[in-house]
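Using full-length UniProt numbering, the first residue of the sequence shown is number 1, and each one after it goes up by one.
Ideal Cβ placement from N, Cα and C applies to all residues, glycine included.
Owing to the predicted nature of the structure, the values given are computational and were not obtained by experimental measurement.
Right, one structure below, let's go through it.
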Amino acid sequence: MLKFSFLNLFRNKSRTALSLIAIVIGVSAIIALVSVVDGLFGEVQGALSQVQSIRVSQKNAPGPYGNLEIEWKNKLDGVQGVRAAVPIVVGVATSIDGEYSVFGQTQVIGVDFTSAQKLTASAVQLAVSAEISEGRDIRPGETGVVIIGKQTKKNLNKFLNQSIEINGKKFKIVGVFSSGSALINSGLVIPIEDARELFNVGSDRMNALFLEVNNPEQEKRVVEIINFRFSEDLSAVSASDLSEQFGDVLGSLRLLVAAVAGISAVVAGVGIINTMLMSVIERFREIGALKAVGWTNSNIMKMILFESIMIGVIGGFLGMVAGSAVAVLLHQPFGLTAAITPMLLLEAFSFAVLLGLVGGLYPAYIASKADPIESLRVE
């Protein structure tokens with residue numbers, strides 16, 4: 001029966017191909033999009049787990065970055081348990097070496113390296129959760145210099161002591177930082193004075209601060225003090241809390257992405273129903289003949305279901321291959337690392353097979369109830 005069903009499947013190749021294409025698109029979309037979200041989640045979790053710091057920003061900021069007066073640094077330096085409060089200015093490089101980025105994916109962080117002298121850890125480590133792998137750190141008071149991520153170094157084929165142009169301003173490369181995250185490795189770290197000039201931030205302003213505490217065990221307590229004492233103006237969050245928040249956001253995003261991609265797969269299921277119904281209608285005489293020679297309703301139903309399930313199996317397999325390829329290809333231009341797990345592949349493949357099964361139920365039922373005498377009369 002399996003061989004018979006397989007041969008029937010390709011009697012109308014164009015119609016079967018359309019159903020297969022629809023399933024491949026649906027399954028590949030699920031795998032590509034969900035794997036990218038899972039990869040992003042893994043990168044963020046890994047990066048945040050490497051550092052023990054507190055991020056302080058403007059409460060209810062109107063944009064992605066706040067706008068705080070520099071006086072807040074002195075107030076936070078005075079909080080019990082804080083070793084150092086380091087102001088930062090954050091922006092996006094719209095052009096690097098004269099080439100404009102459509103997606104604006106290169107983040108630039110300006111760090112107050114003078115305030116960072118009090119840190120026991122590297123300012124780069126606390127600011128971008130990375131370690132300097134080549135060259136040196138930026139010195140207090142130094143301007144016109146930059147530490148680039150290793151992905152940026154690779155993409156631009158840059159080396160130490162070479163120059164790089166950021167938003168029209170030239171910088172000398174003095175170091176390279178490295179992290180487990182491809183997104184972080186695409187970033188840039190510069191002195192806060194240069195960042196203020198690039199992003200039109202006043203000399204008495206900053207976007208946020210990061211704090212280092214005297215004792216890691218005091219971290220939670222310091223966060224509570226800041227959020228209580230400055231509740232109307234500031235919001236403090238530890239790296240561990242930030243990791244949980246990202247986890248919640250990305251978890252919701254994963255469900256949304258899966259749902260959107262799943263819609264295309266459901267459309268593919270409707271296509272299977274249409275394909276199998278047309279197949280049943282065209283083969284009414286054949287179905288009647290099979291019943292006349294002894295095939296039972298159960299045999300007829302199994303034959304149609306086998307055909308629809310095979311569409312799901314073939315489409316699911318091709319979708320796994322296509323989805324994995326798309327996810328890998330997204331890494332090069334966008335720096336997005338895809339987490340393609342066996343469980344994700346199994347879930348997507350199972351969904352395709354389920355679509356094939358469900359899509360064949362109604363046509364199989366119609367075929368099984370066909371009257372053999374009436375079927376043989378069909379022209």
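Alpha-carbon to alpha-carbon, residue j and residue i
i, j, result
"residue 382", "residue 26", "Any question about residue 382 goes unanswered here, given that the chain covers just 1 to 379."
"residue 303", "residue 350", "20 Å"
"residue 72", "residue 267", "55 Å"
"residue 241", "residue 222", "13 Å"
"residue 203", "residue 225", "28 Å"
"residue 271", "residue 324", "24 Å"
"residue 198", "residue 190", "10 Å"
"residue 229", "residue 56", "13 Å"
"residue 200", "residue 89", "10 Å"
"residue 253", "residue 128", "23 Å"
"residue 16", "residue 281", "15 Å"
"residue 291", "residue 283", "12 Å"
"residue 256", "residue 342", "21 Å"
"residue 126", "residue 38", "24 Å"
"residue 13", "residue 295", "26 Å"
"residue 227", "residue 75", "13 Å"
"residue 120", "residue 320", "47 Å"
"residue 124", "residue 130", "6 Å"
"residue 122", "residue 146", "15 Å"
"residue 100", "residue 154", "18 Å"
"residue 248", "residue 60", "19 Å"
"residue 62", "residue 214", "32 Å"
"residue 196", "residue 137", "19 Å"
"residue 234", "residue 244", "19 Å"
"residue 231", "residue 40", "31 Å"
Beta-carbon proximity of residue i to residue j, cut-off 8 Å
i, j, result
"residue 139", "residue 177", "no"
"residue 144", "residue 194", "yes"
"residue 85", "residue 209", "yes"
"residue 167", "residue 65", "no"
"residue 132", "residue 148", "no"
"residue 238", "residue 54", "yes"
"residue 289", "residue 30", "no"
"residue 318", "residue 20", "yes"
"residue 287", "residue 367", "yes"
"residue 261", "residue 33", "yes"
Close-in-space but distant-in-sequence residues of the same chain around residue i (CB under 7 Å, 5 per side omitted)
i, result
"residue 322", "24, 28"
"residue 35", "327, 338, 339, 340, 344"
"residue 273", "359, 362, 363"
"residue 87", "70, 73, 112, 115, 192, 206, 209"
"residue 141", "114"
"residue 117", "140"
"residue 269", "355, 358, 359"
"residue 263", "none"
Buried/exposed call for residue i, threshold 16 Cβ in 10 Å
i, result
"residue 299", "exposed"
"residue 316", "buried"
"residue 212", "buried"
"residue 307", "buried"
"residue 169", "exposed"
"residue 162", "exposed"
"residue 278", "exposed"
"residue 172", "exposed"
"residue 259", "exposed"
"residue 329", "exposed"
"residue 293", "exposed"
Sequence-distant residues of its chain with Cβ nearer than 8 Å to residue i (five each side left out)
i, result
"residue 106", "92, 93, 96, 152, 186, 187, 188"
"residue 365", "301"
"residue 354", "312"
"residue 158", "148, 152, 164, 173"
"residue 309", "353, 356, 357, 360"
"residue 160", "134, 135, 173, 174, 175, 176"
Proximal residues to residue i (C-beta, below 6 Å), its chain only, five neighbours per side dropped
i, result
"residue 150", "176, 178, 185"
"residue 58", "66, 68"
"residue 348", "27, 30, 31"
"residue 305", "360, 364"
"residue 380", "Here the chain comprises residues numbered 1 to 379, so residue 380 is not present and cannot be evaluated."
Quiz prompt | Inter-stretch contact at 8 Å, needing at least 3 Cβ pairs: the segment 76-84 / the segment 213-223 | solution = Cβ pair count under 8 Å is three or more, so yes.
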